[in-house]
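Since the structure comes first, as structure tokens, the remarks are kept for the end.
Numbering (our numbering), first residue to last: 219 to 277.
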């Protein structure tokens, strides 16, 4: 399994806008190895206690 966000952003420091809550990532998208993440980002929509995370996947 691949963490779609880390696939594109790496494992270094990330900005607060790229997190679920107070510089922490609680919401994730995992993909099988047959899918390649083309993009992954958090959308700042205040609709629940979780963050909206959007990922594009390619075969």
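Heads up, the beta-carbon is just placed ideally off N, CA and C, and yes, glycines get one too.
Classify residue i as buried or exposed, calling it buried when 16 or more other Cβ atoms lie within 10 Å of its own Cβ.
i, result
"residue 223", "buried"
Just checking my contact of residue i with residue j at CB under 8 Å: how many whole Å lie between their CB atoms?
i, j, result
"residue 257", "residue 274", "4 Å"
"residue 221", "residue 244", "So it is not a contact: roughly 13 Å between Cβ atoms."
Could you tell me which residues DSSP puts in a beta bridge with residue i?
i, result
"residue 274", "257"
"residue 247", "In the DSSP output, where bridge partners are listed per residue, residue 247 has none listed."
"residue 221", "248"
Confirm, please, whether the CB-CB distance from residue j to residue i is below 7 Å.
i, j, result
"residue 270", "residue 261", "yes"
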